[in-house]
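Chain order of the listed sequences is S and B. The first sequence begins at 1 in this note's numbering and counts up one residue at a time. The second sequence begins at 1 in this note's numbering and counts up one residue at a time. Report on one structure; see the data block that follows.
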Amino acid sequence: MSRTIAEPFETVADGQDAGQPPYLYRDYRSTELRAPKRPLVILPHTLSELTGPAHGHESIVELDHDLTRQHDGEPLGERINVSGRVTDSAGRPVRSALIEIWQANAAGRYLHEVDQHPAPLDPNFSGAGRCLTDDNGRYSFVTVKPGAYPWRNHPNAWRPAHIHLSLFGRAFTNRLVTQMYFPGDPLFEFDPIFQSVRDPDARERLVCSFDYETTEPEWALGYRFDVVLGGPAETPMES
Amino acid sequence: MPATTPSQTVGPYFTLGLFASRADELVEPTSAGAVRVTGRVLDGAGDPVPDAMVELWQADAGGRYRGDFGWGRSGCDAEGRFSFMTVKPGRVGGADAPHLVLMVFARGLLRAVLTRMYFPDEEEANAGDPVLSRLEDGSTLVARPADGGYEFDVRLQGDGQTVFFAV
């Protein structure tokens, strides 16, 4: 029995989009054996690419968004409010999007067994939080500013201070995991993970801005970080 | 149009933020129709990627995508092995063969990779699937039968590299 052989899909080679990091970026050594070498196959948008999970409020505990109030005492470090808006590439708010964050403490140490940086752990700081965006796509976290920390990618390698964010959009394939950096960090030029995004304007989209409006008198500095999710779900799907 | 926010690697410490609760069992292991989907994430040297995370998105057994079912998340062990307890999805629409959507995140992956897993016991449906049937190396997307379920390795690089998609 013969079957019709359809035209092959179009493909896209690695590194074509200067606004996203390539898979292979040799200055970041761990990419060498993990980067796919074959072009990506461009998929038509079927329901598999246009749908995604709904995360409900039942999975969020009241203080999940406040990383400074998860223990008996207060963590050391500079208290900050981090807030912003999640939109799609058409500028529409993404509602009820689950955002999960994790970060080092103010001394640059993660509460993780793999992290051997000889900086102190903070018994009052776990460094993980979650929340859902509201109807306007807004979110907010309270945390402490993470410290920079060394890693072994190259001699005297240091990561600029950053907060990891994981976000779900309307469609699963819109899912984004990224890192938010702080303005004016002198480590930017030495960090291959930040520099892997070749377009300087796109790199700037990874940097939050100081926000006087969400700065609270005698309490905390405010930083704003807006996220734009890409992907195919230009038209929201019925559930 | 606002430009999209760039991706950055999930790094080595993601279990801190992403594994507060278990999400690898979409169904009870003892429930009717439960199957285990497991496999390994392997790098270009064929070595396991122990610090990878695999996420799953799928239709239910009736072939419907629902907000309240079908998403899962698994870490990998020292052998690079992930594991889900789920049900085999039904066919979505007329033409699609049953499949899982998988995304893999890891240190060293500046962006996640997106792929699909198809089922070995669906030869006829697979032959007519509008995606699988148009891939030259679609065999990298078909799982193997395994005890109590299916086994599917994700090869990030090198011989037999898994087909990865852009959307």
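The C-beta atom is built at its ideal place from N, Cα and C for all residues, glycine as well. Note that the structure is a prediction, hence the values are computed from the model and not measured.
Whole-angstrom C-beta distance between residue j and residue i, which should lie under 8 Å
i: V257(S); j: P183(S); result: Only positions 1 to 239 of chain S appear in the structure, and residue 257(S) is not among them; the question remains open.
i: D153(B); j: R40(B); result: 5 Å
i: Q20(S); j: S7(B); result: 6 Å
i: P192(S); j: D27(S); result: 4 Å
i: H65(S); j: S140(S); result: 7 Å
i: P12(B); j: R107(B); result: 5 Å
i: F172(S); j: V101(B); result: 6 Å
i: L132(S); j: A97(S); result: 7 Å
i: P120(S); j: A107(S); result: 5 Å
i: R79(S); j: Q161(B); result: Contact doesn't hold; Cβ gap of about 46 Å is too wide.
i: L132(B); j: M85(B); result: No, L132(B) and M85(B) are not in contact; Cβ-Cβ is about 24 Å, not under 8 Å.
Separation of residue j from residue i, as counted between CA atoms
i: F188(S); j: T9(B); result: 16 Å
i: V104(B); j: Q58(B); result: 15 Å
i: R69(S); j: A128(S); result: 11 Å
i: P53(S); j: P155(S); result: 42 Å
i: I60(S); j: R130(S); result: 7 Å
i: G128(B); j: P22(S); result: 33 Å
i: H55(S); j: A23(B); result: 12 Å
i: F119(B); j: A166(B); result: 21 Å
i: R175(S); j: T51(S); result: 11 Å
i: G46(B); j: L40(S); result: 20 Å
i: F82(B); j: I101(S); result: 22 Å
i: R29(S); j: D77(B); result: 22 Å
i: S48(S); j: E113(S); result: 36 Å
i: D147(B); j: T38(B); result: 10 Å
i: S209(S); j: L229(S); result: 19 Å
i: N153(S); j: D68(B); result: 41 Å
i: P186(S); j: G77(S); result: 20 Å
Amino acids of chain S, ordered along the chain, whose beta-carbon sits closer than 7 Å to that of residue i
i: A20(B); result: A128
i: T38(B); result: Those do not exist, as T38(B) stays about 20 Å from chain S at its closest Cβ, beyond 7 Å.
i: L102(B); result: Residues of chain S passing the Cβ test: none, with the nearest at roughly 10 Å.
i: L156(B); result: R34, P36
i: G70(B); result: P53
Where residue i meets chain B, residues with beta-carbon distance less than 7 Å
i: H65(S); result: Correct list: empty, because the minimum Cβ distance to chain B is about 13 Å.
i: P123(S); result: Per Cβ cutoff of 7 Å: no residues; P123(S) is ~16 Å from chain B at best.
i: V114(S); result: P12, Y13
Contacts of residue i in chain S (Cβ-Cβ under 8 Å)
i: P6(B); result: G19, Q20, P21, T178, V197, A202, R203, R205, L206
i: M1(B); result: S89, A90, G91
i: F164(B); result: P36, R38, L40, V41
i: D43(B); result: L33, R34
9 Å Cβ cut-off: residues of chain B touching residue i
i: A97(S); result: Chain B residues near A97(S): none, gap ~13 Å exceeds 9 Å.
i: L267(S); result: As displayed, chain S neither begins before 1 nor continues past 239, which places residue 267(S) out of reach and without an answer.
i: T111(S); result: Correcting the residue type first, residue 111(S) is Leu in the shown sequence and not Thr. Per Cβ cutoff of 9 Å: Y13, L16.
Neighbouring residues, chain B, relative to residue i (Cβ below 8 Å)
i: P150(S); result: None at all; the shortest Cβ gap to chain B is about 13 Å.
i: L229(S); result: T4, T5
i: I101(S); result: G17
Within-7 Å CB hit, residue i to chain C
i: G17(B); result: No chain C is present in this structure, whose protein chains are S and B.
Partner residues on chain S for residue i, Cβ-Cβ distance less than 9 Å
i: D159(B); result: Within chain S, no residue comes near D159(B); the closest Cβ sits about 11 Å away, beyond 9 Å.
Problem set entry | Minimum length 3: unbroken beta strand (DSSP E) runs contained in the segment 50-104 of chain S | Runs of the beta strand (DSSP E) inside the segment 50-104 of chain S: 79-88, 98-103.
For this session: Name, going along the chain, the residues of the segment 13-28 of chain S whose beta-carbon falls closer than 8 Å to a beta-carbon of chain B.
Result: Taken in chain order, the members of the segment 13-28 of chain S whose beta-carbon sits within less than 8 Å of a beta-carbon on chain B are G19, Q20, P21, P22, Y23, Y25, Y28.
Exercise. Taking Cβ-Cβ distances below 9 Å as the criterion, which residues of the segment 105-117 of chain B are in contact with chain S?
Worked result: When C-beta distances to chain S are compared with 9 Å, the residues of the segment 105-117 of chain B below that value are F105, A106, R107, G108, L109, L110, R111, A112, V113, L114, R116, in chain order.
Exercise. In the segment 117-192 of chain S, which residue ranges form an unbroken beta strand (DSSP E) of at least 3 residues, counting only runs that do not cross its ends?
Worked result: DSSP runs (the beta strand (DSSP E)) wholly in the segment 117-192 of chain S: 128-132, 138-144, 149-151, 157-159, 162-167, 176-181.
Exercise. In chain order, which alpha helix (DSSP H) runs of at least 4 residues are fully inside the segment 192-221 of chain S?
Worked result: For the segment 192-221 of chain S, the full-length alpha helix (DSSP H) segments reaching 4 residues or more read 192-195, 200-204 along the chain.
Exercise. At a Cβ cut of 9 Å, what residues of the segment 121-142 of chain B count as close to chain S, listed as they run along the chain?
Worked result: Within the segment 121-142 of chain B, the qualifying residues are A127, G128, P130, V131, S133, R134, L135, E136, D137.
Problem set entry | Contiguous alpha helix (DSSP H) assignments of at least 4 residues, all confined to the segment 70-105 of chain B | Fully contained in the segment 70-105 of chain B is no alpha helix (DSSP H) run of length 4 or more.
Exercise. Residues in the segment 80-101 of chain B with C-beta within 8 Å of chain S's C-beta atoms, listed in sequence order?
Worked result: Listed by position, the residues of the segment 80-101 of chain B near chain S (Cβ gap below 8 Å) are V92, G93, D96, H99, V101.
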